[in-house]
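No gaps in the numbering here: position 157 of the sequence shown is 157 in my numbering, and each next residue is one more. Glycine is no exception: its CB is placed at the ideal position from the N, C-alpha and C atoms. Following: one structure in structure tokens, then a few remarks.
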Amino acid sequence: MPIKKRALLLRRLRNAVRGEVKEREPLCRHTTFRIGGPADIFFVPDDEADLRLALRILQECGQVYFLLGGGSNVLAGDEPLAQAIVGLRSAAFRRLEYRDECVWAGAGVRTAELVRSAAKQGRQGCSFLAGIPGTLGGAVAMNAGSRDYRDPGKIWSLRDCLAQVRVMDACGNIRDCDPAELAAGYRQTGLRRNGEVVLGALLRLPAGDAAAVREEVFGFLERKKKTQDLSRPSAGCIFKNPPQGPAAGWLIEQCGLKGARIGGAVVSTVHANFIVNEGTARCADVVALIEQIRRSVAEKFGLDLETEIQILGKGQG
Ligand SMILES: Cc1cc2nc3c(=O)[nH]c(=O)nc-3n(C[C@H](O)[C@H](O)[C@H](O)COP(=O)(O)OP(=O)(O)OC[C@H]3O[C@@H](n4cnc5c(N)ncnc54)[C@H](O)[C@@H]3O)c2cc1C
1 MPIKKRALLL RRLRNAVRGE VKEREPLCRH TTFRIGGPAD IFFVPDDEAD
51 LRLALRILQE CGQVYFLLGG GSNVLAGDEP LAQAIVGLRS AAFRRLEYRD
101 ECVWAGAGVR TAELVRSAAK QGRQGCSFLA GIPGTLGGAV AMNAGSRDYR
151 DPGKIWSLRD CLAQVRVMDA CGNIRDCDPA ELAAGYRQTG LRRNGEVVLG
201 ALLRLPAGDA AAVREEVFGF LERKKKTQDL SRPSAGCIFK NPPQGPAAGW
251 LIEQCGLKGA RIGGAVVSTV HANFIVNEGT ARCADVVALI EQIRRSVAEK
301 FGLDLETEIQ ILGKGQG
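See below:
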């Protein structure tokens with residue numbers, strides 16, 4: 001972002017909002033990959049009114065923004081990021097409230113906290129989120145999901161338990177929308193295309209047997225421990241599974257790419273659809289490895305793998 005524009009934006013934001021406005025905040029501190037250069041502007045709104053004010057200013061200045069949840073599905077570029085980062089991390093976005101058959105969860109609630117709380121209350125319906133890092137806002141936007149540990153043919157996703165989603169559009173208008181309006185599919189919703197901000201969601205979690213819910217959570221967690229590479233920083237699965245045909249991990253493994261490395265980025269030997277950061281990986285390393293995988297899979301199987309992770313910035317270092 002040009003220096004003058006950044007200075008003007010920072011001044012306007014700091015004069016108008018109550019939340020925290022940081023300058024040149026390193027994104028490696030906010031992504032599970034532990035990769036990412038500085039964000040020119042990193043804003044944490046105090047509440048909905050504060051967010052509305054900021055979005056208005058960003059829009060008036062023609063400034064593009066990116067909603068960052070737990071950063072567990074994001075690969076951030078090495079160079080300073082021109083997009084403003086908005087993170088719903090303040091207390092106003094971390095409320096968790098039980099209402100009859102449902103629970104209201106703010107966008108900033110960690111999925112781990114939601115799962116823990118629901119298990120404690122004996123509420124069923126969100127155990128499949130166990131072991132999926134990040135926040136509720138990110139889980140709604142990505143329609144996060146998991147394969148059932150008892151029945152591998154059954155896939156759970158967030159839309160299965162969504163009753164309502166509260167969103168703010170880029171102009172600051174708030175509406176409660178029906179889950180059907182989200183057009184949720186495999187690791188996607190229309191929200192991300194429209195630039196809408198998830199403020200929170202009402203999840204249908206009926207009362208169940210607390211011991212059975214705890215057992216379910218354990219089952220999902222154990223499956224993740226067995227199948228995923230949790231030993232080093234990553235962003236989970238890099239590619240979506242192709243709509244027809246074998247899983248992306250299998251395709252990558254068949255290309256002999258387990259253990260392939262560029263710089264500090266390595267294709268996991270546990271799960272070939274994971275790229276892990278051995279400590280020194282840069283975004284450019286991961287992007288180059290992604291391209292190598294894509295080329296190999298296209299040559300061997302004639303399939304074009306689509307990334308699941310969100311690549312921020314130039315992504316080329
Ligand atoms: C070890 C590991 C295992 C994983 N396993 C799984 C798995 O089993 N299943 C699965 O589905 N995913 C998995 N993931 C990926 C990731 O955890 C999920 O996609 C998660 O839901 C992302 O949430 P987040 O808060 O971290 O979102 P981020 O990574 O911060 O953002 C992801 C997307 O959501 C958008 N977003 C975030 N918050 C909001 C908001 N409030 N309003 C609007 N948009 C928003 C962002 O702009 C971005 O486009 C895994 C990741 C890791 C690191």
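- With fewer than 16 other Cβ atoms inside 10 Å of its own Cβ, valine 64 counts as exposed.
- Counting along the chain, the unbroken beta strand (DSSP E) around phenylalanine 42 starts and ends at 38 to 44.
- Taking C-beta atoms under 8 Å as the contact rule, valine 115 and leucine 136 fail to qualify, at a distance of about 11 Å.
- Between the region 282 to 297 and the region 253 to 272, the count of C-beta pairs closer than 8 Å reaches three or more; the two stretches touch.
- Leucine 230 has its Cβ nearer than 8 Å to a heavy atom of ligand 1.
- A buried status is given to proline 45, since no fewer than 16 other beta-carbon atoms sit within 10 Å of its beta-carbon.
- For glutamate 25, the distance from the CB to the nearest heavy atom of ligand 1 is not below 8 Å.
- In this chain, the beta strand (DSSP E) harbouring serine 157 covers 155 to 157.
- Per DSSP, phenylalanine 239 is not a residue of any alpha helix (DSSP H), being assigned neither H nor E.
- Relative to ligand 1, even the nearest heavy atom lies 8 Å or more away from the CB of cysteine 255.
- Shortest gap from the CB of serine 72 to any heavy atom of ligand 1: under 8 Å.
- For cysteine 171, the CB contacts under 8 Å within the same chain, skipping 5 residues up- and downstream, are Leu55, Arg56, Gln59 in chain order.
- Under DSSP, methionine 168 forms a beta bridge with Ile174, Val197.
- Within the same chain, Asp50, Leu53, Ala54 come within 6 Å of valine 17 by CB-CB distance, once the 5 residues on both sides are set aside.
- Of Pro233, Leu257, Pro26, the smallest CA-CA separation from glycine 279 is found for Pro233.
- Assignment of glutamine 121 by DSSP, reduced to helix, strand and coil, places it in the helix class.
- With at least 16 other beta carbons inside 10 angstroms of its own, asparagine 73 counts as buried.
- Relative to ligand 1, isoleucine 132 has its C-beta within less than 8 Å of a heavy atom.
- Straight through space, the alpha carbons of threonine 111 and alanine 118 are spaced by roughly 10 Å.
- In the structure shown, the three-state DSSP call for valine 270 is coil.
- Looking from the CA of leucine 312, the closest CA among Arg123, Leu88, Cys283 belongs to Cys283.
- Nearest neighbour of isoleucine 85 by Cα position, chosen from Glu79, Phe93, Asp40, turns out to be Asp40.
- Nearest Cα to leucine 303 within the set Pro243, Arg187, Ile275, Arg193: Pro243.
- Closest option to valine 297, judged by alpha-carbon separation, among Glu23, Cys161, Val276, Asn241: Asn241.
- As computed with DSSP, glutamate 60 is found in no beta bridge at all.
- Under the DSSP definition of a beta bridge, alanine 84 partners with Tyr65.
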